[in-house]
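In what follows, a structure is listed as structure tokens, so that the remarks can point back to it.
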Ligand SMILES: *Cc1c(COP(=O)(O)O)cnc(C)c1O
């Protein structure tokens with residue numbers, strides 16, 4: 086065909102040796118983890134904006150149109166077009182006082198930003214499998230947010246079904262309602278055991294010959310098919326900042342962080358040509374990464390996780406750290422700073438934000454707001470405009486929000502409908518034999 090077609094970008098493991106051949110995006114997507122145990126990254130980082138983002142030029146009219154523009158060089162036009170039904174909820178940018186702009190990523194079906202990555206991954210996997218005439222069963226162990234985002238994202242897709250494993254007593258009431266809502270092609274299993282037991286079950290299922298005949302897949306957060314679509318909302322935020330608010334300065338971006346997937350996506354967006362000044366990684370007491378940035382810990386000197394109010398960020402060993410190292414190395418310190426925020430400061434910031442701005446922030450978003458306040462205090466210079474990612478709807482954490490502000494957050498329609506929605510859940514002992522029996526007896 087046309088000689089102007091540029092060669093598709095390949096993907097390499099973070100542990101690849103010199104001269105190793107890259108694999109296609111489709112192969113990296115279906116594999117999840119590379120065979121050598123590393124994570125996939127693009128072999129090169131294209132400038133997708135060409136002449137750049139200008140204040141008077143719209144980048145794209147919708148997230149779906151943005152996907153075609155930004156991701157076509159990375160995953161090809163056909164797959165980029167598949168993302169349209171995944172990106173069907175708004176990402177509004179709200180202005181707070183003091184040049185702070187909050188990008189709300191929680192208006193999707195499960196009211197947390199993980200909907201963006203999970204819905205994108207589902208559509209991409211379904212398209213690649215359909216092209217190959219294959220089917221798969223996605224197995225997920227979950228202690229909360231990821232599981233419901235994945236279940237919702239894959240529900241009803243022809244060639245994929247989902248088995249969710251959660252600890253019978255280990256999830257909150259809202260989370261349980263989200264996990265057990267009846268969905269086409271999804272089975273939820275309440276396991277008599279801990280979250281660790283659920284993870285062990287999934288691991289042994291992958292090693293089980295009979296179950297592997299089914300074609301098992303994972304949908305965890307290290308998949309490159311989740312990461313690349315997460316770059317899109319950074320482009321969207323930059324566009325809104327210029328178009329709606331007339332802000333021309335490159336913003337600081339504040340990212341409430343756990344596994345560092347969101348931060349990695351933001352740094353990639355910057356490499357793809359987006360004019361972002363720098364990043365602030367906002368962590369709760371799970372503080373490995375900020376301490377690494379300050380030189381207090383060396384690479385991979387991880388610790389066990391501790392429980393906090395912002396529980397989706399309770400990660401002791403952030404899996405995307407390996408990607409950040411491979412992609413940015415020593416440049417990380419020039420691009421990113423970190424802050425550590427404890428539960429008390431989180432609650433105080435929720436209260437202050439409600440009083441000063443009339444804004445209800447969930448605990449994860451509040452960690453980001455407090456981190457920004459501290460960074461500005463330390464720097465002391467005139468404040469640069471800041472874009473802060475709001476990662477969960479406050480109604481997902483009603484107790485903490487009410488405790489801090491005295492106000493009960495209004496649940497959005499998708500959460501309000503859950504209580505009355507039909508449920509589907511099966512009980513399972515924490516033994517492989519019972520999981521095997523359940524999965525092998527899955528009516529078509
Ligand atoms: C997962 C999650 C985070 C952390 O994102 P990472 O990509 O793991 O750093 C922050 N907030 C919420 C609400 C989340 O669910």
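Numbering (the numbering used here), first residue to last: 86 to 529. The beta carbon of each residue, even a glycine, is placed where N, CA and C say it ideally should be. Being a predicted model, the structure only gives us computed values, none of them experimental.
Original post:
Roughly how many whole angstroms lie between the Cα atoms of residue 265 and residue 507?
Top reply: 9 Å
Original post:
Looking at residue 414 and residue 132, is the spacing between their C-beta atoms short of 8 Å?
Top reply: no
Subject >> Stretch pair the region 141-150 + the region 184-191: three plus CB contacts closer than 8 Å >> reply: no
**OP:** Determine the burial state of residue 526: buried for a count of at least 16 other Cβ atoms within 10 Å of its Cβ, exposed for fewer.
**Re:** exposed
**OP:** Look at residue 335 and residue 313 and say whether their C-beta atoms are less than 8 Å apart.
**Re:** no
Original post:
What residues in its chain sit with their C-beta under 7 Å from that of residue 320, if we drop five residues either side in the sequence?
Top reply: 144, 151, 155, 354 and 359
Original post:
Alpha carbon to alpha carbon, what distance is there between residue 104 and residue 263?
Top reply: 46 Å
Original post:
Would you say residue 303 touches ligand 1, meaning its beta carbon is less than 7 Å from a heavy atom?
Top reply: no
**OP:** Could you have a look at residue 526 and say whether DSSP puts it in helix, strand or coil?
**Re:** coil
**OP:** Report the three-state DSSP secondary structure of residue 520 (helix, strand or coil).
**Re:** helix
Subject >> For residue 440 and residue 126, the rounded distance between their alpha carbons >> reply: 43 Å
**OP:** Tell me whether residue 383 is buried or exposed, calling it buried when 16 or more other Cβ atoms sit within 10 Å of its Cβ.
**Re:** exposed
Subject >> Close Cβ partners of residue 452 (< 6 Å) along its chain, the five nearest in sequence each way excluded >> reply: 341, 367, 369, 395, 426 and 431
**OP:** Can you grab the Cα-Cα spacing for the pair residue 297 / residue 291, in whole Å?
**Re:** 6 Å
Original post:
According to the neighbour-count rule (16 or more other Cβ atoms, all chains shown, within 10 Å of its Cβ), is residue 403 buried or exposed?
Top reply: buried
**OP:** Please list, in chain order, all residues of the same chain as residue 166 whose beta carbon is under 7 Å from its beta carbon, the five residues on each side excluded.
**Re:** 153
Original post:
When the Cα of residue 255 is compared with those of 274, 237, 364 and 102, which residue comes out closest?
Top reply: 274
Subject >> Start and end residues, beta strand (DSSP E) containing residue 272 >> reply: 271-277
**OP:** Determine the DSSP secondary structure at residue 368, reduced to helix, strand or coil.
**Re:** strand
Subject >> Proximity winner among 197, 381, 409 and 214, relative to residue 348 (alpha-carbon distances) >> reply: 409
Subject >> Proximal residues to residue 207 (C-beta, below 8 Å), its chain only, five neighbours per side dropped >> reply: 171, 235, 238, 239, 242, 245 and 304
Original post:
Going by other Cβ atoms of all chains shown within 10 Å of its Cβ, with 16 needed for buried, is residue 98 buried or exposed?
Top reply: buried
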